[in-house]
Amino acid sequence: MLSVLLSAGTCKYKHLQPTASTACKKAKHRHRASSIITMANATKVVAVLAILVLLQVSCAIGQTYTFSAVMSVNGFDKGEEGGPASCDGQYHSDDQFLVSLGTMWYGPDNRCGKTIRIRSSDEVYVVAMVVDECGRESGCGENEISTSAAVWKAFGLDTGVGEVFVSWSDTN
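Quick note: the sequence shown uses the numbering used here, first residue 1, plus one each step.
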């Protein structure tokens with residue numbers, strides 16, 4: 001009876017017989033194959049973990065926040081209540097989808113020229129471009145967005161209402 005022990009890549013025999021070297025080679029081969037399979041599995045596990053981390057980071061980066069706000073109407077044309085838009089120093093047509101953001105939201109991220117998605121309580125969405133800051137000196141509250149008449153029209157709202165509750169999020 002032949003018994004082959006494989007230890008640290010060396011064959012040890014309990015009984016030496018003519019087939020001992022063949023048995024040793026087979027044992028070494030099985031040991032190497034087992035090591036390769038273990039390494040391959042470890043590599044797969046590492047790859048899967050790396051993919052999961054990347055997916056989690058991608059989801060976090062792509063996450064969009066929604067803010068509750070009070071929407072009021074604002075005139076962006078020359079001769080209306082405000083001066084030129086603070087983003088570009090220009091006047092804009094009230095027929096465009098435009099928005100002024102409260103100081104808190106306009107602030108450090110500088111949303112000038114970017115678009116936001118405004119959602120009404122009826123689940124209607126309008127995308128409007130940020131062109132101005134609506135600060136306290138203009139009579140705006142911190143959680144207020146002030147939009148052009150075109151936005152109100154798209155929502156099917158009468159501008160005479162004055163203020164309505166909406167939510168909004170960044171689009172880009």
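Positions of the beta carbon are idealized from the N, C-alpha and C atoms, including for glycine.
The alpha helix (DSSP H) runs lying completely inside the region 104-172 and spanning 4 residues or more are 149-155, given in chain order. By a beta-carbon distance limit of 8 Å, Val151 does not contact Val124. Their separation comes to about 10 Å.
Going by DSSP, Gly89 is part of no beta strand (DSSP E) at all; its letter is neither H nor E. Residue environment: Asp94 is assigned as buried (16 or more neighbouring CB atoms within 10 Å of its CB, all protein chains considered).
Below 8 Å, too few C-beta pairs join the region 152-166 and the region 76-84 to call them touching: fewer than three. In summary, Ser120 is buried, with 16 or more beta-carbon neighbours lying within 10 Å of its beta-carbon over all protein chains present.
Residue environment for Thr147: buried (at least 16 other C-beta atoms within 10 angstroms of its C-beta).
With fewer than 16 other Cβ atoms inside 10 Å of its own Cβ, Asp88 counts as exposed. Residues of the same chain with a CB within less than 8 Å of the CB of Tyr91, apart from the 5 flanking positions on each side, are Phe76, Asp77, Lys78, Pro84 and Ala85 in chain order.
When only Cα atoms are considered, Ser167 and Met104 end up about 15 Å apart.
Nearest in C-alpha terms to Asn74, of all of Thr115, Leu49 and Leu101, is Leu101. Of Phe67, Ile145, Cys140 and Asp132, the smallest CA-CA separation from Asn110 is found for Asp132. Between Leu98 and Ala69, the C-beta spacing is not below 8 Å.
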